[in-house]
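Right, one structure below, let's go through it.
Numbering (our numbering), first residue to last: 15 to 189.
Listed below in structure tokens is the structure:
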């Protein structure tokens, strides 16, 4: 990287020396400075987490037995689940890095509507499934909402806590 910067400096010097007019030199220099400013400018993040409002589900989860595993849905690259883990301090199924065995397992349980997903969750020792309905696309959310009342029979998930758009289910065979 250092060599690249040195070469860029020599290239810029050569370019400036080729220009005879001082105005052209100033315009080229100005354009380079503007380019560098935009290259390294620190834009504010597009997604922030409001620490003053911890969702009630995490406060409730904190009060539960310490030795449990939780799966939060939708499973994906949502680091907010990992962020709130510092509040409830429970083990999470979420957060696997790509190209790992844990990630391949999380891919198998990604669709909560498939019965094999809950079987895998049970085998992993997951006790609670937290379903964030507000984070699903509308069509999939509607599909889930249609089947919510059948979760206990079809998927062995029993609704134990309802926080509006966030539902907490217990796996039926879990201790």
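Every residue gets a Cβ at the ideal spot worked out from N, C-alpha and C, and that includes glycine.
As the structure is a prediction and not an experimental result, all values here were calculated from the model.
Original post:
Touching or not, the region 163–181 and the region 63–76, by the rule of three or more beta carbon pairs under 8 Å?
Top reply: yes
**OP:** Rounded to whole angstroms, what's the CA-CA distance from residue 58 to residue 96? Just pull it up for me.
**Re:** 21 Å
Subject >> Contacting residues, own chain, Cβ-Cβ under 8 Å from residue 29 (five flanking each side not counted) >> reply: 42
**OP:** Please name the residue in 140, 125, 52 whose C-alpha comes closest to that of residue 82.
**Re:** 140
**OP:** Please classify residue 86: is it buried, with 16 or more other beta-carbons within 10 angstroms of its beta-carbon, or exposed?
**Re:** buried
**OP:** Determine whether the Cβ of residue 101 lies closer than 9 Å to any Cβ atom of chain E.
**Re:** Here chain E cannot be found, since the structure has a single protein chain.
Original post:
Roughly how many angstroms separate the alpha carbons of residue 138 and residue 155, rounded to a whole number?
Top reply: 25 Å
**OP:** Note down, in chain order, each residue of its chain lying with its Cβ closer than 8 Å to the Cβ of residue 114, except the 5 sequence neighbours on either side.
**Re:** none
Subject >> Extent of the continuous alpha helix (DSSP H) to which residue 63 belongs >> reply: Looking at the DSSP string, residue 63 is not in any alpha helix (DSSP H), and its letter there is neither H nor E.
**OP:** Report the partner residues of residue 115 according to the DSSP bridge assignment.
**Re:** Residue 115 pairs with nothing; no bridge assigned.
Subject >> Assigned exposure category for residue 131 - 16 Cβ within 10 Å defines buried >> reply: buried
**OP:** Could you give the DSSP three-state label for residue 33: helix, strand or coil?
**Re:** coil
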